Structures are given as structure tokens and as C-alpha cells.
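First up is the structure itself, then whatever we jot down about it.
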Amino acid sequence: MSNAHAELIRTFYQAFQRGDAEAMSACYHPKVRFSDPAFRDLRGAEAGDMWRMLCSRAQDFSLTFSDVHADQTRGSAQWQARYTFTQTGRSVLNRIHAEFVFRDGLIIEHRDHFDLWRWARQALGAKGWLVGALPAGRRAIAAQARRSLEAWRQSRK
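For our numbering, count along the sequence shown from 1 and bump the result up by 2.
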């Protein structure tokens, strides 16, 4: 099973490299839970919709991934994304450690870990230096990410 789970992780990131959010979402269990420092506690269809939104907005996007490991229940990978943050036009290189839990041959939990302060400094410039350093600023970034996702989801109805 570990080879199948490692292959599932590779399939997920290869789809991401192509900007294929549908193929990415197909790797998720219907009851998936996703979390990262910006998009906290997404469940089910929200997680797939986050990838749909991000892929649809991606500019100058490239992704690499490595160190894929998986066993019967858990997996991990390293990945990095380069892109232009559309709200500011600033260039971002985000380095992420991903952790996965599997159920029924699909990803049931996906947690991405990255330095939000580093991301904020790149994406937001001087404002990000302060915002990303403070707990209230990190909460504000997450709240804005949630609002953005909700607005995107509403526009698709």
C-alpha cells in the first residue's frame, strides 16, 4: 500500500504542476481535511475548491516536489511553488512541508507547513514584514484567505 500512497502523492503534485485542480481534487477523500497557515481547517469540497481557485488565479507559476514518503496510513513530501502573488504583483517562492493521512486509497488529511512570516514578506512587501510577524496579523491573513475562498465559491454558484 505504501507504494500506492506514494504514487498518489506524486499524482497530486504532478497535477498541481499542470494546474489541473480537478485531478488534484480526485486524490482527496470526500471527507478530506486540509490546513495550512493561510487556509485553516478546510473540509470536503472546500479543499478542492481552494486548489481550483488557486490554479485559476496562478500567474508565472512553477512547482517542484521531492522527498515523497508514504506507508499504509501516512505520507509526506517537500514542495516549493514560485508564482506572482496577484494581489500585489510580487514574486513569491514558498517552501512547504506536506503531511498526509490516507483512507480508502485517498488523502483524508493534508497539512501544509510553511513560514507564514516569510511568505507575507515576499507577497506583501513591507506591510507583510509586520503583518506576518504578529499573531493578529497571521489571523488576518487567514481570515482574508477564507473570505477570498468563500467569494470565489459563491461566484461559481
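Each residue gets a CB set at the ideal place from its N, CA and C atoms; glycine is no exception.
Here the structure is a predicted model, which is why all the values come from computation and not from measurement.
Any heavy atom of the ligand FAD closer than 7 Å to the CB of residue i?
i: S150; result: Because no ligand of any kind appears in the structure shown, any question about the ligand FAD cannot be addressed here.
Using DSSP with H/G/I as helix, E/B as strand and the rest coil, what is residue i?
i: D69; result: strand
i: K159; result: coil
i: A25; result: helix
i: G50; result: helix
i: G134; result: coil
i: Q146; result: helix
i: Q124; result: helix
i: G77; result: strand
Determine the burial state of residue i: buried for a count of at least 16 other Cβ atoms within 10 Å of its Cβ, exposed for fewer.
i: R54; result: buried
i: A122; result: buried
i: G107; result: exposed
What does DSSP give as the partner residue(s) for residue i in the beta ladder?
i: Q16; result: DSSP output for Q16 lists no bridge partner at all.
i: D114; result: A100
i: F41; result: The partner list for F41 (beta bridge, DSSP) is empty, contrary to what the question assumes.
i: T86; result: S93
i: F63; result: Answer is none; F63 lacks a bridge partner.
Nearest to residue i by CA position, among the options, is which residue?
i: Q16; options: D38, K33, A83, Q74; result: A83
i: I98; options: R120, Q156, L44, A49; result: R120
i: K159; options: R12, F36, D51; result: D51
i: R105; options: F18, C29, R12, A40; result: C29
i: S37; options: N5, T66, Q124, H115; result: H115
i: R45; options: A138, V70, I109, V94; result: I109
i: V139; options: E9, G21, A8, A40; result: Just to set this straight, residue 139 is Gly in the shown sequence, not Val. Taking only the C-alpha atoms, the option nearest G139 is A40.
i: Q156; options: E48, K33, G130; result: E48
Comparing the C-beta of residue i with each C-beta of chain D, is any distance below 8 Å?
i: A23; result: Judged by its chain identifiers, the structure shown contains no chain D, having just a single protein chain.
Assuming residue i and residue j form a contact by the criterion Cβ under 8 Å, report the distance between their Cβ atoms to the nearest whole angstrom.
i: E152; j: R35; result: Contact flag wrong, Cβ pair sits at about 17 Å.
i: R42; j: A144; result: 5 Å
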